[in-house]
Every structure is written in C-alpha cells, then in structure tokens.
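The sequence shown stops at residue 341 when you use the working numbering, and every number in between is there.
Note sheet for the following structure.
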Amino acid sequence: MAEIYEKDKLYEFLRPMQEWLFRRSYRRFQQVGLERIPEDGAVIFAPNHTNALNDALAVLGLKMERKVFVARADIFRKPKQAAILRWLKIMPIRRMRDGAAEVLHNNETEDKAIETLRHGVKFCILPEGTHRPKHSLLPLAKGIFRIALRANEEFGTQKPVYIVPVGLEYGDYFHLWDDLTVNVGEPINVTEYVRQHPEMDQPHLILALRDELTEHMRHSFLWVPDDEHYEENWARLSANPPAPFDRMKKRHVPRPIRLAGLILTAPLFVLCAALTIPLWALMIYVRRTVKDPAFHNSVQFVLHFLLIPLSLFTMLLPWMGFQEYLYQIRRLKIEN
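Written out as structure tokens, the structure is:
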C-alpha cells in the first residue's frame, strides 16, 4: 500500500476540478498571504475550525500543493469509510474526550505526520479539535505542538519546522454562496523558537508555543473575545472590518430596489430552480437530516462535486443563479 503522502493518479486528476468547483461555491473567494508560506522547511498548517470539511478544503487549495490532514478518529470506524478518508489524505487522531487510553494510539498518527513532513509534503491539523461557528477560538490542543517538536528533534538540523496559522473567515457559516477569505498568517519558526529557549523542557515549550500560536491565529481572522459582549463586539467589527476582510463588507442597496429586483428576476429564479431540481431537493433533504448545521455547507459541496460534473456542468450556471436569488432573500431577512 502506498504511503498517505505519496501521489495518487486519480486523486491528482480530480484535484483541479474539486478546487474549481469549491471556489465557485462562494460569491467572493480570496486567498491572502500566500507569500508567507515558507519554502525552506517543513510546514504544518493550523487553521481555525468553524465549518467542518470546508475548512480542510480551504487549506487544501493553498498553492495547490499536496497536503495531508487529520480528522477525529470516530469517523474512521467503518472500514469502507476509513479507506475513502485515507484516499483523501486524511488520518485519524484521537482526542482527550475519546479517553486517555485512546489518545495513546496517536503515536502512529504522529509518526506518519513526521514522515509526511520529512518527505516535503505539508501537513494540516485543526488545533481547536472541534468545529464551532463563532468568530473566536477554543483552547488549542497539544497535538500540533508535539508533532512540531518531534519533527524538529528528528530533522530540524536539516530544515526548519514551521507552524503556519491560517484564518478562515466565512460570510455565512451555514450557507454556501457567500464570502470566504483564506488568510495565511505569520508563521512560527519552531526550530528557531527552540534554539532561542534552551532552558525550556518539552512541556513548557508546548505551553509557550500554544500561547504564541493562539496570538498568531487571533490576528489571522476576525477574532472576537468569547465573552458576554460577543454579539455586540462582533456587530461592531463586522460593520467595519479591517483589510483583508474589508471586501466582505456588504454593500447597502435600498430595500425597495432590492425587492423590485427580486420580483423582476423571479421568472429567472423559477427557471433556474427547475433546471437544478436534483441539487436543491437534495440540499433541502440534507438540511433536514444533518443535525449539526455546521456540516450543511460541507455536505452541500459534496453534492455539488458529485452532481454538477455528472450533468456535464450544464447545471452550474442555473445553480449559481438559484443561489444568488436565495442569497439576496437572506440578506433582506437579516437587514429587516
């Protein structure tokens, strides 16, 4: 069996189409800070986790380079599902909530992660450990730092090890066809950090690096303290977001004009809906059966990826028109 970091012909063949469709799932899509991704060492990406599978897909598209990911171990329990996930370059990782005995199995995952980095393939772990649709951060788990420090011990003298924060800022956590900014933050040179702190043992290095990465991640997206003033602070920040998120600011169009536009384009909406019945019918079914709304976008994208190519892409333009009409309706509801 080939190693998870090695090339797979079918995977490489489908990647450009997946990335093309992923970008067209959003009204406005931008990648910022690609020049910050180090070229001289091993790279571990650390994105914030708000949107299930779509977070990994957003990181996957950075420079279109090969990457290996981890995901929670419980979704690997079924053999067929585990085989598909491995083909998708995803490895299982246990979390403390799975039990202390289960976490001991992470040694194998850490070994494979280090081999991946050794072979020049980038690695991605979502250090919060679970997704949450909020503009804040959960406490970072220690796994990413153990992997980085072990990698530095094994080959840090040949090439530096970096942790690179990635800020994922969605215009809407629960619907596709909105905005997405993928912002690469300032990398942390773990090799240099260890060299500058020779007095620290591994437990203290992990804690110090966790504080460092938390601060870097907060600067990579529209972070808001998760306290009693969260909603108030978010409303103020989203009304006047700083660069590079300022293009996500919604343009104000007078409500009567928008309503008139929706009425005039209603026949086109009906036509688009008729041409895309398989997609929107499945979308409604998914939203009723998937309990966690944070998974809605991920499952919708999988449906796009499966059905739009099967229709020889004739469904794509009607689907984009259908989504735009629904987007404008949502905006009217939010602003009302």
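For each residue, glycine too, the CB sits at the ideal point set by N, CA and C.
- Assigned with DSSP and collapsed to three states, Val126 falls in coil, not helix or strand.
- Contact between Ile49 and Ile130 holds: their C-beta atoms lie close to 7 angstroms from each other, under 8 angstroms.
- Ranked by Cα distance from Thr135, the options Leu312, Ile268, Ala213 and Ala61 are led by Ala61.
- The segment 270 to 279 makes no contact with the segment 300 to 314, as fewer than three CB pairs between them are under 8 angstroms.
- Note on Glu133: 16 or more other CB atoms within 10 angstroms of its CB, so buried under the neighbour-count rule.
- Across the structure, Arg215 and Ala248 are spaced so that their CA atoms are roughly 26 angstroms apart.
- For Arg263, the enclosing alpha helix (DSSP H) stretches over residues Arg260 to Leu269.
- Distances from the alpha-carbon of Leu181 to those of Arg335, Glu197 and Lys85 put Arg335 closest.
- At a Cβ-Cβ threshold of 8 angstroms, Val75 and Ile95 count as neighbours.
- Going by C-alpha positions, Asn112 is about 16 angstroms away from Ile9.
- In this structure, DSSP gives Thr196 a helical state, which the three-state scheme calls helix.
- Contact between Val169 and Val189 holds: their C-beta atoms lie close to 6 angstroms from each other, under 8 angstroms.
- Rounded to whole angstroms, the separation of the alpha carbons of Phe226 and Met253 is 12 angstroms.
- Counting along the chain, Lys338 sits inside the alpha helix (DSSP H) bounded by residues Leu321 to Glu340.
- For Asn245, there is no enclosing alpha helix (DSSP H), as DSSP marks it with neither H nor E.
- Setting aside the 5 residues that flank it on each side, Gln23 is surrounded in the same chain by Phe310, each with a C-beta closer than 7 angstroms to its C-beta; the list follows chain order.
- Beta-bridge partners assigned by DSSP to Pro97: Ala76.
- Contact check for Lys164 against Ala47 passes: the beta carbons are separated by less than 8 angstroms.
- Under DSSP, Gly172 takes part in a beta bridge, and its partners are Asn188.
- For Ala299, the three-state secondary structure derived from DSSP is helix.
- Glu217 and Arg155 have their C-alpha atoms spaced approximately 18 angstroms apart.
- Secondary structure at Pro230: coil, using DSSP grouped into helix, strand and coil.
- Using a C-beta cut-off of 8 angstroms, the segment 23 to 41 makes contact with the segment 189 to 199, since at least three inter-stretch Cβ pairs fall below that distance.
- Between His234 and Trp92, the alpha-carbon positions lie close to 43 angstroms from each other.
- Secondary structure note for Pro84: its alpha helix (DSSP H) is the uninterrupted segment Pro84 to Trp92.
- In this model, Thr121 and Lys14 are separated by some 18 angstroms (Cα to Cα).
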